[in-house]
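These protein sequence lines map, in sequence, to chains A and B. Read in the numbering used here, the first sequence has 94 at position 94, and its numbers run on one by one without any break. Position in the second sequence counted from 1, then plus 1000, gives you the numbering used here.
2 protein chains.
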Amino acid sequence: MTLMGPQPRYRQLAQTLINEIETGRFPVGSLLPTEFELCEQFGASRSTVREAMKQLVQRGLVDRQAGVGTRVRTANVSSPYRQVMTRLTDLQRYSAQTELKILNTKTVQPAGELQELLKSTAGQTWLRAEGIRNFGRRTEPICFTEVYVNPAFRAIQGLEGRALRTPIFMLIEQQFGEQVVEVQQQIRAVALGARIAKTLNAPPRSAALWICRHYLNRRGEVIEAAISTHPGDRFSYAESFVRDWEVT
Amino acid sequence: MTLMGPQPRYRQLAQTLINEIETGRFPVGSLLPTEFELCEQFGASRSTVREAMKQLVQRGLVDRQAGVGTRVRTANVSSPYRQVMTRLTDLQRYSAQTELKILNTKTVQPAGELQELLKSTAGQTWLRAEGIRNFGRRTEPICFTEVYVNPAFRAIQGLEGRALRTPIFMLIEQQFGEQVVEVQQQIRAVALGARIAKTLNAPPRSAALWICRHYLNRRGEVIEAAISTHPGDRFSYAESFVRDWEVT
DNA sequence: AAGTGGTCTAGACCACAGG
DNA sequence: CTGTGGTCTAGACCACTTC
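So this is what it looks like as structure tokens:
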């Protein structure tokens, strides 16, 4: 039969599986049929089936693991429209073009809100560093930054007194061999507090961009968290999303 | 010292090609050897070579076209570290969970800053709409939005007087068949202006999140631009990046 | 030990772009 | 027309997880 259209078979196959995930035939948390089963069911070669699987992985619908199988992560495909992805953000160039000067470091035991923010358990002792970021010869600093480092890595070297051009999470990766596999980021607008305003030589109560980044390892543990506060007239955040797959 | 297990051949091959692109052996704009040539040179099967090619495409280093070849787009790999990608942003759920109520529409001829923002030529007549966005039964609106629609699509239907649950760019896609392939986004912190503050029932001069989105078609033309202003205590922007390929 | 996905091979046919 | 990348097949071996 076929003749479903100009789409290659792996796309048709992927779309079929997406539909079946959406309609609950494969509930979230369950395992999809194995590659070989799918080969039989669809009469396709393993390469074609694998290409279809890649589509599902790319859309974040499933996780695959050798020896286990293909597990459904979420059934939320919303509309098939625009599922866009950022290709480039300033995360990359930011640190290279600016300098972070560490003002002080100390250890803290997070409690209350901070403990929640760091997903820390009670009694853990984190490393806390404060710093300001500058852009080249520009006189006014770009932002005030507070960094919290997971107790496991609080022996990190090379912070104090330096002008860092390398992101701190990268120092951790280098010194401890721990890989950051996910970065979560939250952005909001806040009024500049008196202390930070003074440090940055900016007007108190003026609008500022508040950015909190969590750096997670493979197990989802917070390796590091950084909170940056940027006076509104000194920084803007830009990113770009591209349509990653065709509308089917 | 981080120990890395042996990499699969397609990764080694990709890394080799990346190095050669970086060092100028394959200048920007030139064609890489064909798949079959690479098969010979590296003694690998075509599947392996193609898998390596996918890595280069994924990193945005090359463009491929059947009948032409593999052309080098850029040699800029920056650091091999974290090239992270957002997997999910509120771009997706935002419109579905909130309602945009259009307050008014009119046509404008952008000049000065606005003309630059829209990348418009002089004399073009764009459609301008103002609206406020609400979240469910919540009393206070989330943001004030001004939308600019490219002259080619200013005949768009279904804006006025509706409570939109569909992004406007999607309406354009549906009504005109024009595909949005890229979304550019800029975020900054601003002080809330008097007029918007009054419309949103928020304190004037308080901190607000300013988000400007450009929706581009395949030729890079601005189909639509939207500027949203969110009082600081009513909205925050969250996104997540995952490491897309292994460090080599 | 059995089964999974990850990698790899050596073929094949196709649509498309170029001379 | 020739050659390109895009798709597809039917095998194979491996590392890993699970039992």
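By construction, the Cβ of each residue, glycine as well, lies at the ideal position given by its N, Cα and C atoms.
query	result
Does the contact criterion of 3 or more C-beta pairs under 8 Å hold for the segment 1207-1220 of chain B versus the segment 1013-1023 of chain B?	no
Looking only at C-alpha atoms, which of A/141, A/172, A/150 sits nearest to residue 125 of chain A?	A/150
Kindly say whether residue 1055 of chain B, judged by its beta-carbon, lies nearer than 9 Å to any beta-carbon of chain A.	no
Just reading off the alpha helix (DSSP H) that residue 1135 of chain B is part of, what are its end residues?	Residue 1135 of chain B -> not in any alpha helix (DSSP H); beta strand (DSSP E) instead, spanning 1126-1135.
Please list the partners that residue 1190 of chain B has in chain A, where partner means a Cβ-to-Cβ separation under 7 Å.	207, 232
Please report the straight-line C-alpha distance between residue 198 of chain A and residue 1187 of chain B, rounded to a whole angstrom.	24 Å
Is the beta carbon of residue 144 of chain A sitting closer than 9 Å to the one on residue 99 of chain A?	no
Measuring alpha carbon to alpha carbon, tell me which of B/1058, B/1062, B/1039 ends up nearest residue 1028 of chain B.	B/1062
Measuring only the C-alpha atoms, how far is residue 268 of chain A from residue 183 of chain A?	What the structure shows of chain A is the stretch from 1 to 248, and residue 268 of chain A is not part of that stretch, so it cannot be assessed.
How far does the alpha helix (DSSP H) with residue 1051 of chain B in it extend, from its first residue to its last?	1046-1058
Going by CA-CA distance only, name the one from B/1116, B/1189, B/1129 that's closest to residue 1160 of chain B.	B/1129
Within its chain, find whatever has a CB closer than 8 Å to the CB of residue 1181 of chain B; leave out the 5 residues flanking it on each side and keep chain order.	1216, 1217, 1218
Does any residue of chain A have a CB that is nearer than 9 Å to the CB of residue 1086 of chain B?	Only weak support is given to the placement of residue 1086 of chain B: the predicted model assigns it a pLDDT of 43, under 50, and the value that follows is read from those uncertain coordinates. For residue 1086 of chain B, the answer is yes, since a Cβ of chain A falls inside 9 Å of its Cβ.
Residues of chain B with a CB under 8 Å from the CB of residue 236 of chain A: which are they?	1186, 1187, 1188
When the cut-off is 9 Å and only beta carbons count, does residue 113 of chain A lie next to chain B?	no
Have a look at the DSSP bridge pairing and note the partners of residue 250 of chain A.	With chain A covering 1 to 248 only, the question about residue 250 of chain A has no answer from this structure.
What residue range does the beta strand (DSSP E) around residue 227 of chain A cover?	222-231
Contact criterion: CB-CB distance below 9 Å. Does residue 228 of chain A meet it with respect to chain B?	no
Quick test of the definition: if touching needs 3 or more C-beta pairs under 8 Å, does the segment 57-74 of chain A touch the segment 29-40 of chain A?	yes
So, does the CB of residue 1210 of chain B fall closer than 9 Å to a CB anywhere in chain A?	yes
Go ahead and label residue 1141 of chain B buried or exposed: buried means 16 or more other beta carbons lie within 10 angstroms of its beta carbon, across all protein chains shown.	buried
Can you give me the Cβ contacts of residue 109 of chain A inside the same chain, cut-off strictly under 6 Å, excluding the 5 residues immediately before and after it?	125
Considering Cα atoms alone, identify which of B/1037, B/1139, B/1055, B/1075 is closest to residue 1025 of chain B.	B/1075
Can you find the residues in the same chain that come closer than 8 Å, C-beta to C-beta, to residue 1069 of chain B, ignoring five residues on each side of it along the sequence?	1031, 1032, 1034
Let's see if you can read the secondary structure: which residues bound the beta strand (DSSP E) around residue 1102 of chain B?	1098-1108
Mapping the DSSP letters down to three states, classify residue 11 of chain A as helix, strand or coil.	helix
Could you give the first and the last residue of the continuous beta strand (DSSP E) run that contains residue 65 of chain A?	62-65
Can you tell me which of B/1177, B/1207, B/1231, B/1154 puts its alpha carbon nearest to the alpha carbon of residue 1225 of chain B?	B/1154
Is any beta-carbon of chain A found at less than 9 Å from that of residue 1239 of chain B?	yes
Give a yes or no on whether the C-beta atoms belonging to residue 1238 of chain B and residue 207 of chain A are separated by under 9 Å.	no
Need the endpoints of the alpha helix (DSSP H) that residue 1112 of chain B sits in, please.	1112-1117
Can you find a CB in chain B that lies within less than 9 Å of the CB of residue 30 of chain A?	no
Quick one, which of A/222, A/227, A/191, A/49 has its alpha-carbon nearest residue 233 of chain A's?	A/191
For residue 1191 of chain B, list the residues DSSP reports as bridge partners.	B/1207
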